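A short write-up of the structure that comes next.
Numbering (my numbering), first residue to last: 1 to 313.
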């Protein structure tokens, strides 16, 4: 029997918590469980709501802290976790009843340190329907986990399960990056194999105005590129092919964003040139990655909602 630590960072998600907690209660019933709730400076009473909803639960930890952002609050949860595995839970996401058991089976069958499945989104709660037929699908172990993470921007929280020793060895999320999930995936890829599972194990609200992929897409894309830039700077020993792949992905993302924001060819050209540099089969272009960040710091959306740095969280 494994011990699983459920880590749920909270930040002003009061309307969703009843569904989130109810879904958590159904997880991994055949295993030892630990529940950790980190309130990252909520002002809507989120932590009090969670305490009331989990009254009578065994092995619950609750912490309130000043706001540090997703990476900081997730790392605070990791610091308290003592399970064999850690299951992240977004505080507005609903887990499938079979989510944790299915992901755990995938880790055990593949020998991976991290497994990523799929998350879908709903406009109405009636749309949250999980297909139990998915439980028969096998997990797949990537031949090159780091290339997979970089090339497909593998990330996510509620649709994942991680080995806790691997998370500790990786150092958790990169606190220099506001968003938590992609920097963690990059770091875990150095700790062991990565597995994927073609199954939907979580749903989140599609129209949540504060959901980062709804309200702050430029922040997400910026943080994808920043996470890769910092990761590759931290690991100059990695083969050059990873930096070339990362530059293609980062520059391509920046180029598309600038075009979307109406910057035109003149604004997009520098990122197109960087993307093409990523195809040249020589040298390590990791130092060029920070040049892609400016694309997300200008434009109409960035003027309305500036990029958040962890120190500002």
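Backbone N, C-alpha and C define an ideal beta-carbon position, used for all residues, glycine too. Computed from a predicted model, the values in this text were never measured in an experiment.
According to DSSP, what are the bridge partners of residue i?
{"i": "residue 295", "result": "DSSP, once it has assigned bridges, lists no residue as partnering residue 295."}
{"i": "residue 6", "result": "35, 87"}
{"i": "residue 43", "result": "According to DSSP, which records beta bridges pairwise, residue 43 is partnered with nothing at all."}
{"i": "residue 192", "result": "Paired residues: none, contrary to the question."}
{"i": "residue 163", "result": "85"}
Which whole-angstrom value describes the C-beta separation of residue i and residue j, a residue pair presumed to lie in contact below a C-beta threshold of 8 Å?
{"i": "residue 87", "j": "residue 74", "result": "Incorrect: roughly 12 Å between the Cβ atoms, too far for contact."}
{"i": "residue 196", "j": "residue 102", "result": "Not a contact, Cβ separation roughly 13 Å."}
{"i": "residue 219", "j": "residue 182", "result": "Actually they do not touch by this definition, with Cβ atoms about 12 Å apart."}
{"i": "residue 304", "j": "residue 203", "result": "Going by Cβ atoms, the distance from residue 304 to residue 203 rounds to 28 Å, so no, they are not a contact pair."}
{"i": "residue 89", "j": "residue 20", "result": "7 Å"}
According to DSSP, is residue i part of a helix, a strand, or is it coil?
{"i": "residue 116", "result": "strand"}
{"i": "residue 26", "result": "coil"}
{"i": "residue 231", "result": "helix"}
{"i": "residue 78", "result": "helix"}
{"i": "residue 51", "result": "helix"}
{"i": "residue 73", "result": "helix"}
{"i": "residue 274", "result": "helix"}
{"i": "residue 197", "result": "strand"}
{"i": "residue 262", "result": "coil"}
{"i": "residue 104", "result": "helix"}
{"i": "residue 310", "result": "helix"}
{"i": "residue 94", "result": "strand"}
{"i": "residue 210", "result": "Any reading at residue 210 needs caution, since the residue's pLDDT is 49, under 50, leaving its predicted position unreliable; the model's value is listed next. Reduced to three states, the DSSP call for residue 210 is coil."}
{"i": "residue 19", "result": "helix"}
{"i": "residue 241", "result": "helix"}
{"i": "residue 281", "result": "coil"}
Hey, residue i and residue j: beta-carbon distance below 7 Å or not?
{"i": "residue 185", "j": "residue 155", "result": "yes"}
{"i": "residue 84", "j": "residue 3", "result": "yes"}
{"i": "residue 275", "j": "residue 302", "result": "no"}
{"i": "residue 191", "j": "residue 229", "result": "no"}
{"i": "residue 310", "j": "residue 77", "result": "no"}
task = Decide yes or no for the touch test of the region 256 to 265 against the region 294 to 304: beta carbon pairs closer than 8 Å, at least 3 of them.
result = Yes: the two stretches touch, three or more of their Cβ pairs being nearer than 8 Å.
request  = Report yes or no: do the region 225 to 238 and the region 267 to 282 share at least 3 C-beta pairs separated by less than 8 Å?
outcome  = Because the criterion of three Cβ pairs below 8 Å is not met, the region 225 to 238 and the region 267 to 282 do not touch.
message = Below 8 Å, how does it come out for the region 110 to 124 and the region 133 to 142: are there three or more Cβ pairs, yes or no?
response = Yes: at least three Cβ pairs fall under 8 Å.
query = Do the region 27 to 39 and the region 47 to 55 meet, that is, are 3 or more Cβ pairs less than 8 Å apart?
reply = Touching, yes, given that three or more Cβ pairs across the two stretches are closer than 8 Å.
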